[in-house]
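Heads up: the sequence shown begins at 1 in UniProt numbering, then just goes up one per residue.
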Amino acid sequence: MKFFDLITSEEATSVFHDGHAGASADVDVDVDDFGIRHPSLKRDRNKCNNDDGDNEDDDEEEETKGLPVDEEPLDAIGDPVDGESCFLDELSQWLPRQSNKRTLDGRHAELSSGDTARHPTIDLDLTEAEKMQAREIQELSLYERERVYEDIHGVRRPIEEMEEFRHDCLQRLETELTTNLYDSKRKYNVPNSNSTTKDAYTMAAFLAPRITSDVRLRIAMLRSTFWDVEQAANKIMRYFHCKRELFGREKYLYPITFADLSVEARESLEDGAVACHEGGGSNCARSMLVDRVARWKEQSALSRAQAIFYLTHVSNTTVQSQQHGQVVVIYALDADSSHFRRALAMMKIFWLEDMPFRMAGLHVCISNHRIKTILSSVLQVIPKTSRIRCRIHCGSPVECNYELLTYGIPPGLLPDTTQISYDSAITNEMIGRFLRHDREVLDEYFEGKSEDCMDQPPKPKDILLGRGRPYQRYPGNVEFAKLLEANKAAYDQPSMMRRNKTAMTKGLVQQLRDSDVQFLKHDESGNWWVEVSDSVARKRVAMSFRNLSRNLKHDEAKS
1 MKFFDLITSE EATSVFHDGH AGASADVDVD VDDFGIRHPS LKRDRNKCNN DDGDNEDDDE
61 EEETKGLPVD EEPLDAIGDP VDGESCFLDE LSQWLPRQSN KRTLDGRHAE LSSGDTARHP
121 TIDLDLTEAE KMQAREIQEL SLYERERVYE DIHGVRRPIE EMEEFRHDCL QRLETELTTN
181 LYDSKRKYNV PNSNSTTKDA YTMAAFLAPR ITSDVRLRIA MLRSTFWDVE QAANKIMRYF
241 HCKRELFGRE KYLYPITFAD LSVEARESLE DGAVACHEGG GSNCARSMLV DRVARWKEQS
301 ALSRAQAIFY LTHVSNTTVQ SQQHGQVVVI YALDADSSHF RRALAMMKIF WLEDMPFRMA
361 GLHVCISNHR IKTILSSVLQ VIPKTSRIRC RIHCGSPVEC NYELLTYGIP PGLLPDTTQI
421 SYDSAITNEM IGRFLRHDRE VLDEYFEGKS EDCMDQPPKP KDILLGRGRP YQRYPGNVEF
481 AKLLEANKAA YDQPSMMRRN KTAMTKGLVQ QLRDSDVQFL KHDESGNWWV EVSDSVARKR
541 VAMSFRNLSR NLKHDEAKS
């Protein structure tokens, strides 16, 4: 059953009214004990009896033709799983606050108070997701709608890339990320709501310019936005903000590898929770990411988000996958509501649209009809670009696989049973792919680094030597300024001789060294950091004391 099969004929007539209303069959809507609406098709038996060559068997066959897949009897479905009702209550409180309107950073904008009224029943949440998708597709122009369908079916032609064209776009992107980032007063040339996103990028560009100036990352971002330079620049900034939120202020300045994931995430990937398929081969013409939901270990939403962040980089390395986009298949035939509960929590901190990754199609396969309600609610909070490309398939594994085949997804790459068994061949292939990816990324990252330079970016408590706002705002330099303020009175005493001041600066430097604090400066290339000697560190401490005294006298003169 596809996503649009859940829409009643009245709703379909109101959305697609261009001469097709008369062709729609009459539909009765039944509501079961769980509040789920089931359309039932009525046939005109008198008309069928008047047709030549029809018999009773043909009538019975015609009655069932075109109907949705027979659902399990309500008695066989059983009671809702533990925690499902609590999850739905929590979901209904969070969902109405979301809007399909977006701010400049791509997030959802809040609705007015009239729009935030809580939906009274789960059935409204179910139909709301369907109406939202139909409404958004209807609002697209004819050209945009054709591009969406071409993405879903894998026939969209990429933009022709010439070397001169790529070079020009990269230059414009560099300008957008540097010169156009600030106005004449060195303030962000964007609304204040985006300042956190811009701070994450500017700090990464200051501390680890090697990672922000990565050409492969920038080209992947440009391809994911169809070479729209402004969108790519905004997406890069959101990417580093998302990376900092997921991995912290130290790891986000460094290439993420398989070893950086949590133990549960590594075990899930080793157990075959995800399979990546490169496009262009005989087995699979399209680049695919198959998520076997039931094979994920029990873990936090943050751990799951970190794993998916890493997978988007591993699976999106080829030119073909970047130009044509990737197809994501979520195989949730034997999954329960807890997986979707974690997915909802993950979407609050992580969005695929912030990655160097373009989703050409999203297919969700389920067999449990209760999950259909939860899944439809989750669809309301995913980005619009993903929602209009989403298709839901409900049925047995064979039925889902045949439906996926109509979208160019070969059944041979998908499980053929509800219970997904462990496949050592797929797991070994994925682990080998992870290791190759990590080795290539690290080799490229360290290319051109001299032995004197540090392998890791500066730690938050390190002291950076230089001038300008980024140095002044760095956490280690802020703590260093507080230490100087605390010792300034003793340093400025008239009885303090020069040799005593020298001894004091030596003591402060040694105190910082004992606390594992390093004095660092940029190397000549500006891409790496080098630790300075103790003599240079002592000169910096003495100069900082003199600057404090000079600034204090200047402030007193102004007052």
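The beta-carbon is built from N, C-alpha and C at its ideal position, and this holds for glycine as well.
Shown here, glutamate 531 sits in a strand according to DSSP, grouped into three states. In this structure, valine 378 and leucine 344 form a Cβ contact; the two beta carbons are roughly 6 Å apart against a cut-off of 8 Å. In the DSSP assignment, cysteine 390 forms a beta bridge with Leu362.
In this structure, the CA atom of leucine 177 is about 6 Å from the CA atom of alanine 233.
Arginine 292: not part of any alpha helix (DSSP H); member of the beta strand (DSSP E) spanning 288-292, first to last residue. Leaving aside the five residues that flank glutamate 139 on each side, none in its chain has a CB nearer than 8 Å to its CB. Within the stretch 188-247, the complete alpha helix (DSSP H) segments at least 4 residues long are 195-207, 209-212, 215-224, listed from N- to C-terminus. Under the three-state reduction of DSSP output, lysine 449 falls in the coil class, being neither helix nor strand.
DSSP, reduced to helix, strand and coil, places glutamine 518 outside both helices and strands of the structure shown, so it counts as coil. A distance below 7 Å between beta-carbons, with the five flanking residues on each side excluded, links isoleucine 382 to the following residues of its chain, in chain order: Met347. Under the rule that a run must span 4 or more residues, the alpha helix (DSSP H) segments found entirely inside the stretch 294-353 read 301-314, 319-324, 337-347. If you check the CB distance, glutamine 380 and methionine 132 come in under 9 Å. Taking the Cβ atoms as the reference, glycine 154 lies roughly 5 Å from glycine 408, within the contact range of under 8 Å. Annotation: arginine 538 to alanine 490 spans about 17 Å, alpha carbon to alpha carbon. Taking C-beta atoms as the reference points, isoleucine 159 and arginine 389 fail to come closer than 9 Å.
Excluding its 5 nearest sequence neighbours in each direction, threonine 202 has C-beta neighbours in its own chain below 8 Å: Leu181, Pro470, listed in chain order. Between cysteine 365 and leucine 404, the C-beta spacing is below 9 Å. Alanine 285 carries a coil assignment under DSSP once its states are collapsed to helix, strand and coil.
Exclusion of the five residues before and after glycine 507 leaves no residue of its chain whose Cβ lies closer than 8 Å to its Cβ. Shown here, alanine 275 sits in a strand according to DSSP, grouped into three states. When C-beta atoms of the stretch 440-452 are compared with those of the stretch 253-267, three or more pairs fall below 8 Å, so the two segments count as touching. Here arginine 292 has Gly272, Ala273, Val274, Ala275, Tyr331, Pro415, Ile420 as same chain residues with Cβ atoms under 8 Å from its own Cβ, once five neighbours each way along the sequence are excluded. Closest option to alanine 208, judged by alpha-carbon separation, among Asn527, Phe357, Pro460, Leu464: Asn527.
By alpha-carbon distance to glutamine 299, the top candidate from Val290, Thr318, Thr312, Ala265 is Ala265. The straight-line gap separating the alpha-carbon atoms of valine 398 and serine 367 is approximately 11 Å.
Cβ-Cβ separation between glycine 448 and isoleucine 463: approximately 26 Å, too far for a contact (criterion under 8 Å). Beta bridge pairing from DSSP links leucine 464 with Leu520.
In the DSSP annotation of this structure, the continuous segment of the alpha helix (DSSP H) that includes alanine 265 starts and ends at 263-270. Residue burial annotation: arginine 473 is exposed, with fewer than 16 other C-beta atoms found within 10 angstroms of its C-beta.
Under the three-pair Cβ rule at 8 Å, the stretch 349-358 counts as touching the stretch 226-241. A check of alpha carbon separations from leucine 375 across Arg358, Leu548, Phe309, Cys394 identifies Cys394 as the nearest.
Using a 10 angstroms sphere on the CB of asparagine 316, the tally of other CB atoms reaches 16 or more, which defines it as buried. The distance from the Cβ of lysine 482 to that of valine 517 is about 13 Å, inconsistent with a contact at the 8 Å cut-off.
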